[in-house]
Each structure stands twice: as structure tokens, then as C-alpha cells.
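Here the structure comes first, spelled out in C-alpha cells, and everything after it is commentary.
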Amino acid sequence: MSAVRVTPLLPTYARQSVTFVRGEGCYLFDDQGRGYLDFLAGIAVVGLGHCHPAPLEAARAQLGRLWHASNLYWTEPMVTLASRLSDRFGGARAFFCNSGAEAVEAALKYARKATGKAGVVALAGSFHGRTLGALSVTGQAAKREAFEPLLPLVGFARANDISSLAELVGPETGCIILEPVQGEGGIHPLEPSFVAAARRLADGSGAVLVLDEVQTGVGRTGTFFAWERLGVRPDAVALAKGLANGLPIGCLLVADEAPEAFAPGDHASTFGGNPVACAAARAVCDTLTDTLLEAVEQNGEALRRGLTALSAVSEVRGAGLMLGAELDRDAGPVVDECRELGLLVGTAGENVLRLTPPLVVTPAELEQALGVLHEVLR
Ligand code: PLP
128 MSAVRVTPLL PTYARQSVTF VRGEGCYLFD DQGRGYLDFL AGIAVVGLGH CHPAPLEAAR
188 AQLGRLWHAS NLYWTEPMVT LASRLSDRFG GARAFFCNSG AEAVEAALKY ARKATGKAGV
248 VALAGSFHGR TLGALSVTGQ AAKREAFEPL LPLVGFARAN DISSLAELVG PETGCIILEP
308 VQGEGGIHPL EPSFVAAARR LADGSGAVLV LDEVQTGVGR TGTFFAWERL GVRPDAVALA
368 KGLANGLPIG CLLVADEAPE AFAPGDHAST FGGNPVACAA ARAVCDTLTD TLLEAVEQNG
428 EALRRGLTAL SAVSEVRGAG LMLGAELDRD AGPVVDECRE LGLLVGTAGE NVLRLTPPLV
488 VTPAELEQAL GVLHEVLR
């Protein structure tokens, strides 16, 4: 009989049997004092590594000044962060919230209000979050079924199949929503030509093109936004995960040239724009220099080469330091064995090992991780 821990938590997660108490750089430490090389980084969240001094100092300083005032007023960290993100985007305005799903909800409401049209086209295999709106545009039956009926008028095209997308986009489509690299769906990058076709179809039908960069954004794929690599400028982008290096934050960015929509009263979030989270996020933006982004690209290539050389790996997909290795076996037991040997990795589907190490990972840490994977995947 398996030992099930009885706790006062609702059982929404199948947690692994380890309790972490501390993090430093690319390492996490458990309650027994054991260190683990963290190649998941809180699922693509802790981009600068655990307790990085820049967001740590920024958050500490802000904690001593002001924690919360409400969106009835202006606060300085929120405005500064919005202008940093606007500069990176090349002209955009921000709505701040607390998570990826909330950023997607804001995007769906933005698209509905901007176009007056309720139709949404998303992709099969996509993942956009667990709230009812975000789940409605998530193309994975297993996650949706228990919660149907969801939002109507949502269609799912096949990723990288332009004619399947063209068939679904029509005059009633208000929003096309895509992840530049599908994350939870198995680490599947979209081809630039497919995203360019989505841009054309959105323009042709009067829809807005939303990129869900909750996982790909903030440097994960080697550029601040993944759309920079694709060469397609979206109308709006959803960000979260890595933005404040582990403090809760989400953001909808709407391009300056995209249609106007929101007016006071249309959308809100009590904690959105929290001064401490925004101060940390500003420090993250300032730390993500071009040099660091180039290192993401180079280390990503090195990790890709190392993974490709493993005989149990049939394909390596992804971009930058968001990689998926398709295995010849179930990925779950591999995750457990790696953890036993002091390496944390994740899964993205049954046979896919997910690697999203901190963006500051060193070549020596890459070697260490590949050594463990070599041993486990013999
Ligand atoms: N969108 C994408 C692409 C994601 O990967 C995730 C989470 O994994 C979400 C949205 C939902 O984010 P959150 O869990 O912060 O609500």
C-alpha cells in the first residue's frame, strides 16, 4: 500500500516526496540539508537562480517602504516596470496581475472588448492555465473534460498547420492565441511561418493576435520575448512565471498600435501591480542584459547537444533554455531517479523530459546535469 501523506491541503498536486527549505543560485536544499541541482527552476520561473541578489535587494528595499496601496492610486515600482516592459516590447502598455492564468484572462477580455467578437482560435495541445477562461482555450481534453461546459466559440487548430488555422479563423474570430513554444503540451516550438500566417489571418479577419509568453517570455528562449525570434509582432502578450524571479506576478502587455479596449472599470485585480513584486521584476528586467541572453542561447545549444548525444533521447525540442527531450521510456520514473541522484527535472507529457534550468546556469552545472542524465538513462 502506498503511503499517502495526509495534510490539510486539497489534493490538486501529485507532490514528490521532498520538502525544500532553501535555495541558492541553481541549487535547492531540502529539510535534511541535501542539495539538488535545480534544472526545473520552479517550472521556468526562477530565471536568475534562487535568491539572486538583484531582485532580492530590490524586494527587500521595497518591503521596508510600501507593500500595498491599491490600484486606486499610483505606485512607483509599477510604473517603472511598465516602462521597462514597454521599452523591451517597442511600445506597449501593461495591466498587472498575479499569475499566468490571470494574464491570459486579461488577454481574452481585452480581445473581446477590442474586437466586439467572442470567437477564439487556439491550438490543439496548448496550455493557457486553469481558470475557466484560460482552460476554455487550452487544447487538452484531459484538463478540460471534468469542467465542461467551458466558454463557447473556441476552435482548436493543429500547430504548424496553416490550412487548419485558416479553416478556423473567420469573421467571428476576435482572438488568436498561441504559445510560441508549447510548454505543458510537450515542448513544441511554432514555426515562424505559422506565426506569420496567424498574424496575416488575424489582420484579415479583424482579430487580435495574442502570444502567451507566460513560459517563453523574460529571456527563457534567448530573447526577452520569444516573438523577437519569430519576427512577428503580436497585438498583446501574456507574461508571468519568470518576470519577478519567483514572486507572484502576471502581466498583459498590449502593443501601442493595437486597438484600444480597456476603460476604467473593465478589469481589475486587488494585488495586481504589487509594489514588492514589481520592484523585483524591474530588477529582473535590468539584470537580463544582452550578454546574459547570449549565454542563454549558447548554454541552450550546449544542453541540446548533450541531450541529443544520449541514446535514450530520440528528439530534443525547444529554444534557449526551454528544452524537451523525447525519451524511449516514461519520463516520470526518470524524474524520480534524477532526484534521487540530486538533479531536479520535470516532464511535459508522458515521454518528454522537461529542462528549464535557471538562465544563469554555468557550463559546469550543465555538465553535472548531463552526467546524472547519462547515468539514469543508461
Ligand atoms: N500559459 C502558459 C504558456 C503556461 O505555461 C502556464 C503555466 O504553466 C500558464 C499560462 C498558467 O500560468 P499560472 O500557473 O501562473 O496561472
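Numbers 128 to 505, taken from our numbering, label the letters of the sequence shown in order. The C-beta atom is built at its ideal place from N, Cα and C for all residues, glycine as well. These numbers were taken from a predicted model, which means no experiment stands behind them.
Inter-residue spacing [alpha-carbon to alpha-carbon] between residue i and residue j
i, j, result
"Asp-457", "Glu-442", "14 Å"
"Lys-270", "Ala-284", "17 Å"
"Met-128", "Leu-370", "No answer about Met-128 holds up, because its pLDDT of 41 lies below 50 and its placement is not dependable."
"Val-337", "Cys-302", "7 Å"
"Cys-412", "Glu-477", "34 Å"
"Ala-188", "His-195", "14 Å"
"Gly-152", "Gly-176", "4 Å"
"Arg-239", "Leu-292", "19 Å"
"Leu-430", "Phe-352", "21 Å"
"Glu-502", "Glu-428", "21 Å"
"Thr-474", "Val-462", "7 Å"
"Ala-141", "His-179", "29 Å"
"Glu-203", "Ala-234", "24 Å"
"Pro-375", "Val-308", "22 Å"
"Glu-494", "Leu-434", "11 Å"
"Ala-491", "Gly-346", "21 Å"
"Val-133", "Arg-356", "46 Å"
"Val-173", "Thr-414", "13 Å"
"Leu-328", "Ile-289", "10 Å"
"Leu-278", "Lys-244", "13 Å"
"Asp-425", "Leu-259", "With the sequence shown as reference, residue 425 is identified as Gln, and Asp is not the correct amino acid for it. Those two C-alpha atoms are separated by around 38 Å."
"Ala-452", "Phe-156", "26 Å"
"Gly-191", "Ala-439", "51 Å"
"Leu-272", "Thr-483", "Correcting the residue type first, residue 272 is Glu in the shown sequence and not Leu. Near 29 Å, if we compare the C-alpha coordinates of Thr-483 and Glu-272."
"Pro-276", "Gly-331", "30 Å"
"Pro-485", "Asp-393", "36 Å"
Bridge-paired residues (DSSP) for residue i
i, result
"Asp-165", "Leu-471"
"Met-449", "Ala-446"
"His-177", "Gly-152"
"Ile-303", "Val-248 and Leu-336"
"Val-479", "Glu-453"
"Glu-309", "Residue identity check: residue 309 is Gln in the sequence provided, not Glu. Gln-309 pairs with His-315."
"Ala-90", "Absent from the structure is residue 90, since the part of the chain shown begins at 128 and ends at 505."
"Leu-357", "The partner list for Leu-357 (beta bridge, DSSP) is empty, contrary to what the question assumes."
"Leu-506", "The structure shown has nothing for residue 506, since the chain only spans 128 to 505."
"Gly-266", "Ala-251"
"Asp-157", "Phe-147"
"Val-345", "Answer is none; Val-345 lacks a bridge partner."
Distance cut-off 6 Å: residue i Cβ against heavy atoms of the ligand ADP
i, result
"Gly-312", "The ligand ADP is absent from the structure shown, which contains only the ligand PLP."
Residue nearest to residue i in terms of C-alpha spacing, selected from the options
i, options, result
"Leu-450", "Ser-210, His-315 and Phe-223", "His-315"
"Ala-268", "Gly-312, Leu-419 and Leu-235", "Gly-312"
"Thr-99", "Glu-184, Gly-445, Val-472 and Glu-477", "In the structure displayed, the chain extends from 128 to 505; residue 99 sits before or after that span and is not available."
"Ser-144", "Glu-494, Pro-484 and Leu-471", "Leu-471"
"Ala-186", "Glu-464, Leu-486, Val-487 and Arg-409", "Arg-409"
"Glu-306", "Val-173, Ala-365 and Cys-153", "Ala-365"
"Ala-181", "Ala-325, Pro-490, Val-403 and Leu-482", "Val-403"
"Ser-320", "Thr-348, Ala-286 and Gly-310", "Ala-286"
"Ala-382", "Gln-309, Asp-417, Leu-199 and Asp-214", "Asp-214"
"Leu-167", "Arg-505, Val-487 and Leu-504", "Val-487"
"Ala-385", "Thr-242, Leu-468 and Glu-464", "Thr-242"
"Gly-358", "Ser-253, Gly-392 and Val-322", "Val-322"
"Ala-517", "Gly-349, Val-499, Val-296 and Thr-418", "Because the chain in this structure spans residues 128 to 505, residue 517 falls outside the shown range and cannot be described."
"Arg-360", "Ala-219, Ala-422, Gly-169 and Gly-400", "Ala-219"
"Ser-396", "Leu-136, Thr-134 and Ala-230", "Ala-230"
"Leu-212", "Gly-392, Ala-367 and Arg-327", "Ala-367"
"Ile-304", "Glu-272, Lys-236 and Thr-350", "Lys-236"
"Val-341", "Gly-377, Glu-294 and Ala-436", "Gly-377"
"Arg-161", "Ala-171, Ile-170 and Val-148", "Val-148"
"Asp-362", "Glu-184, Ala-439, Phe-216 and Phe-254", "Phe-216"
"Glu-464", "Phe-254, Ser-438, Arg-505 and Leu-420", "Arg-505"
"Leu-437", "Asn-426, Gly-447 and Leu-497", "Leu-497"
"Ala-209", "Tyr-200, Phe-222 and Asn-198", "Phe-222"
"Gly-400", "Trp-354, Asn-198, Gly-447 and Ala-334", "Asn-198"
"Leu-317", "Leu-259, Ser-253 and Leu-183", "Ser-253"
"Gly-256", "Arg-192, Asp-339, Glu-294 and Lys-244", "Asp-339"
"Thr-489", "Leu-183, Gly-373, Arg-481 and Glu-421", "Glu-421"
"Glu-387", "Ala-334, Glu-294, Ser-263 and Thr-348", "Ala-334"
Nearest-angstrom Cβ-Cβ length linking residue i and residue j, presumed shorter than 8 Å
i, j, result
"Ala-251", "Ala-228", "Not a contact, Cβ separation roughly 19 Å."
"Gly-246", "Glu-299", "4 Å"
"Phe-398", "Asn-225", "5 Å"
"Gly-469", "Val-499", "7 Å"
"Val-281", "Ala-249", "6 Å"
"Gly-447", "Val-479", "Actually they do not touch by this definition, with Cβ atoms about 17 Å apart."
"Arg-466", "Tyr-154", "About 13 Å separates the two Cβ atoms, so there is no contact after all."
Neighbour flag for residue i against chain B, beta carbons, 7 Å
i, result
"Pro-460", "No chain B is part of this structure, which consists of one protein chain only."
Query raised in the report: Residues with a Cβ closer than 7 Å to any heavy atom of the ligand PLP, in chain order?
Result: Ile-170, Ser-226, Gly-227, Ala-228, Glu-229, Val-231, Phe-254, His-255, Gly-256, Arg-257, Ala-261, Glu-306, Gly-310, Glu-311, Asp-339, Val-341, Gln-342, Ala-365, Ala-367, Lys-368 and Gly-377
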